[in-house]
Amino acid sequence: MRIIANKILLSTLLSASLFLTGCSFSEENIQEDEKPTNTSTTATEESSGFFGSWFGDDKDVTDKDVTDKAVEKGANKKKSAIQSAVAKKYPKLSKEQQNILAKIKSDAEIERKKRIEVIKISNINAKVVAKIAKQTRLEDVESRLKDELSVLNGQLKSEEQDLAKAIQVDLDLKIQALDSDVLTSIVKVKSFTKDQRVKAITLVERKISDTQSEVESRLMKKALVTELD
Numbered sequence: 127m128r129i130i131a132n133k134i135l136l137s138t139l140l141s142a143s144l145f146l147t148g149c150s151f152s153e154e155n156i157q158e159d160e161k162p163t164n165t166s167t168t169a170t171e172e173s174s175g176f177f178g179s180w181f182g183d184d185k186d187v188t189d190k191d192v193t194d195k196a197v198e199k200g201a202n203k204k205k206s207a208i209q210s211a212v213a214k215k216y217p218k219l220s221k222e223q224q225n226i227l228a229k230i231k232s233d234a235e236i237e238r239k240k241r242i243e244v245i246k247i248s249n250i251n252a253k254v255v256a257k258i259a260k261q262t263r264l265e266d267v268e269s270r271l272k273d274e275l276s277v278l279n280g281q282l283k284s285e286e287q288d289l290a291k292a293i294q295v296d297l298d299l300k301i302q303a304l305d306s307d308v309l310t311s312i313v314k315v316k317s318f319t320k321d322q323r324v325k326a327i328t329l330v331e332r333k334i335s336d337t338q339s340e341v342e343s344r345l346m347k348k349a350l351v352t353e354l355d
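Laid out in structure tokens, this is it:
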């Protein structure tokens, strides 16, 4: 029963994680990536540097290989920190499930950094770098989450898939309501004092945590009933 529940729980959390966790990487990473190496962009650089980096210019490929190693080395240092963050945010998941989520985030960060560094080598304008960084970050994470979710769903029996779908619908409705509450709080908080702002933010965080806990609890109860039936 617990194996079934864990499968469905991870499947549900993965499909909703883009909302609940937002972007898993901080804005500090984006600001760091946005620092221009050279803000001047010429027509020659755009044609040979930018497009060359995507269509196989020999020099860019060489630079990319060197950059990939440096970026991957730096990203690997953050792996333990990411694993700790995932374990703290999802304490009810098994160690194996936590490792899956941590690997998704680690791999996505490595790929995102690689793309950004290749673009920087070509001396593209800093604003273009920032835009591509945001796009690739979301695309990488979303793609990996969908792939992992597809694999998990493939492991579920038909009755387990029905249960997972029912839970997902319930979770989606709660997320919509929660999203509305958050937006309302953000509008109100602008006129609050410092203490009021802290209280409002704490309330929003508690709602997010309570929503996740409620869904997890409901999942375990339904899985138990299904197993007994």
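Using the numbering used here, you'd call the opening residue of the sequence shown number 127 and step up by one each time. All C-beta atoms in this analysis are idealised placements derived from N, C-alpha and C, irrespective of residue type, glycine included.
- In this structure, DSSP gives residue 220 a state outside helix and strand, which the three-state scheme calls coil.
- By the 16-neighbour rule on beta-carbons within 10 angstroms, residue 212 is buried.
- The C-alpha of residue 221 lies about 11 Å from the C-alpha of residue 214.
- Cβ contact annotation for residue 228 (same chain, cutoff 6 Å, sequence separation greater than five): 208, 209, 212, in chain order.
- The three-state reading of DSSP puts residue 205 in helix, counting H, G and I together.
- By the 16-neighbour rule on beta-carbons within 10 angstroms, residue 332 is exposed.
- It is roughly 33 Å from the alpha-carbon of residue 235 to the alpha-carbon of residue 325.
- Counting only residues of its own chain and dropping the five nearest sequence neighbours on each side, residue 205 has a CB closer than 6 Å to the CB of 232.
- It is roughly 36 Å from the alpha-carbon of residue 299 to the alpha-carbon of residue 241.
- Residue 329 and residue 216 have their C-alpha atoms some 19 Å from each other.
- Between the C-alpha atoms of residue 226 and residue 295 there is a straight-line separation of about 24 Å.
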